[in-house]
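First the structure, in the form of structure tokens, and then the observations on it.
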Amino acid sequence: MNTQHNVVDFGRREFRVEASRFAFAVRARSVWVSIALVAVIIVFGVTSMTIGAYDVSFGEVLRALFDPTTDPDTRQVVFEWRFPRVLFAILCGGALALSGGIFQSLTRNPLGSPDIIGFGVGAQFGVTLMMVALGLNTYMYKAAGALVGGLITALLVYVLAMKRTVSSFRLIIVGIGVSAGLGSLTSWILISVSVEKAMMAATWGAGSLASLGFDQLLPAAGVFVLVALAALPLNRTLPVLEMGDDAATALGVHTGRTRFTAMVLGVALVALVTAAAGPISFIALAAPQISQRLLRTNTPMGTVPLMLTGSALVVVSDTVAQFMMVPVGVVTVSVGGLYLAWLLATQYARRA
Numbered sequence: 002m003n004t005q006h007n008v009v010d011f012g013r014r015e016f017r018v019e020a021s022r023f024a025f026a027v028r029a030r031s032v033w034v035s036i037a038l039v040a041v042i043i044v045f046g047v048t049s050m051t052i053g054a055y056d057v058s059f060g061e062v063l064r065a066l067f068d069p070t071t072d073p074d075t076r077q078v079v080f081e082w083r084f085p086r087v088l089f090a091i092l093c094g095g096a097l098a099l100s101g102g103i104f105q106s107l108t109r110n111p112l113g114s115p116d117i118i119g120f121g122v123g124a125q126f127g128v129t130l131m132m133v134a135l136g137l138n139t140y141m142y143k144a145a146g147a148l149v150g151g152l153i154t155a156l157l158v159y160v161l162a163m164k165r166t167v168s169s170f171r172l173i174i175v176g177i178g179v180s181a182g183l184g185s186l187t188s189w190i191l192i193s194v195s196v197e198k199a200m201m202a203a204t205w206g207a208g209s210l211a212s213l214g215f216d217q218l219l220p221a222a223g224v225f226v227l228v229a230l231a232a233l234p235l236n237r238t239l240p241v242l243e244m245g246d247d248a249a250t251a252l253g254v255h256t257g258r259t260r261f262t263a264m265v266l267g268v269a270l271v272a273l274v275t276a277a278a279g280p281i282s283f284i285a286l287a288a289p290q291i292s293q294r295l296l297r298t299n300t301p302m303g304t305v306p307l308m309l310t311g312s313a314l315v316v317v318s319d320t321v322a323q324f325m326m327v328p329v330g331v332v333t334v335s336v337g338g339l340y341l342a343w344l345l346a347t348q349y350a351r352r353a
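Under my numbering, the first residue of the sequence shown carries the number 2, and numbering increases by one thereafter.
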């Protein structure tokens, strides 16, 4: 197998891998951006593991991770308690970023993320029903509630937005309305139950990675790998679909089937995160746009660099949240709100 990089005729540097059975090319910029994002994840991930009631230095964290003979108490704190939280941050960020890329590419609009068009709120509503109304608080039940709630919300939004064709602007407006309605229903449920159940749901609803261990991580990681592998073909078909249905059909893309598959996989990724950590808002909105600008591409859809961007955002946000002693959802909402305001202002300025 030979690996080489060269300059193609339009001046883009690529790394090419050639073997007897396969050959592929990777943009050099994607490689360097991915390496930089991995470095950010490692630095902030290790830093986050030094924070807590039990003081651990940067070097002690590294020794606890790689040296089984280190101090047992330190290794338990770092490896068994704090390391799963970092891994969960990486997983949640990657899942939300990929979901955001799918929906933004599907709607051809940077505002078309599950946070804005209501699918995340639908997943949150499903989990709230499971936890509060039915008293089912295990991960599998919450995952089922999040998936069903997100899919029903997606179907409702698409039906209400349908008028011969689905306009991205109409989809976003309808999604905002449905999201507001589901938010009101969630609030009504919480004020109708006992204080203990309402507090439990409210704590989960803040979006937190605390108290998550390997028991929750392993099944979540398994589901994430399966969904991410199923979403790989969308990296090729969704950018084609962005050119319009006629062009996509002419190039052999089944538009209806592609849209349905993308919607189901995008909602599944949101449900995966919502069930485990609660609603972590605005990562799905911001990560695809940041990744698109880092890679200098024309589509928010991507795979490895996109997911690494989301992972880096959540790891950095969770580190800040631990310093401030607040749930990570509070940090992402605060920063994401400012980002949304900037995005709306720039979108308006371009149209003016």
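Just so it is clear, CB atoms sit at the ideal spot from N, CA and C, and this is done for glycine as well. Please read these numbers as outputs of a predicted model, since none were measured by experiment.
Determine whether the beta carbon atoms of residue i and residue j lie at a separation below 8 Å.
i    : j    : result
L213 : P328 : no
G119 : V149 : no
R258 : R30  : no
L92  : A211 : no
M308 : G95  : yes
S114 : L286 : yes
Q323 : I52  : yes
Taking buried to mean at least 16 other C-beta atoms within 10 Å of its own C-beta, is residue i buried or exposed?
i    : result
G267 : buried
D10  : With a pLDDT of only 44 at D10, under the threshold of 50, the placement of this residue in the model should not be trusted; the figure read from the coordinates follows. With fewer than 16 Cβ atoms within 10 Å of its Cβ, D10 is classed as exposed.
F126 : buried
V317 : buried
G245 : exposed
N299 : exposed
T333 : buried
G303 : buried
Q5   : Because Q5 carries a pLDDT of 48, less than 50, the predicted location of this residue cannot be relied on, and the following value inherits that uncertainty. Classification of Q5: exposed, given that the 10 Å Cβ count is below 16.
W33  : exposed
N7   : With a pLDDT of 46 at N7, under the threshold of 50, the predicted position of this residue should be treated as unreliable, though the coordinate-derived value follows. By the 10 Å Cβ count, N7 comes out exposed.
D116 : buried
L341 : buried
F283 : buried
D216 : exposed
P306 : buried
F225 : buried
V160 : exposed
M131 : buried
L230 : exposed
V196 : exposed
F89  : buried
Would you please verify whether the beta carbon of residue i is less than 8 Å from any beta carbon of chain C?
i    : result
V271 : Chain labels in this structure do not include chain C; a single protein chain is all it has.
List the endpoints of the continuous alpha helix (DSSP H) containing residue i.
i    : result
V268 : T256 to A278
T300 : First-last for T300: undefined, no H or E at that position.
T197 : Checking the sequence, you will find Glu at residue 197 rather than Thr. Per DSSP, E197 belongs to the alpha helix (DSSP H) from V196 to G206.
E61  : F59 to F67
P223 : Before going further, note that residue 223 is Gly rather than Pro in the sequence given. Counting along the chain, the alpha helix (DSSP H) containing G223 begins and ends at F215 to A232.
A249 : D246 to A251
V387 : With the chain running from 2 to 353 in the structure shown, residue 387 is simply not present.
Subject >> Segments assigned alpha helix (DSSP H), at least 4 residues, entirely inside the stretch 73-156 >> reply: For the stretch 73-156, whole alpha helix (DSSP H) runs of length 4 or above, ordered along the chain, are 73-76, 84-108 and 120-129.
**OP:** Could you tell me which uninterrupted beta strand (DSSP E) segments, each at least 3 residues in length, are contained entirely in the stretch 23-49, listed from first to last along the chain?
**Re:** Secondary structure remark: continuous beta strand (DSSP E) runs of at least 3 residues inside the stretch 23-49, in chain order: 24-28.
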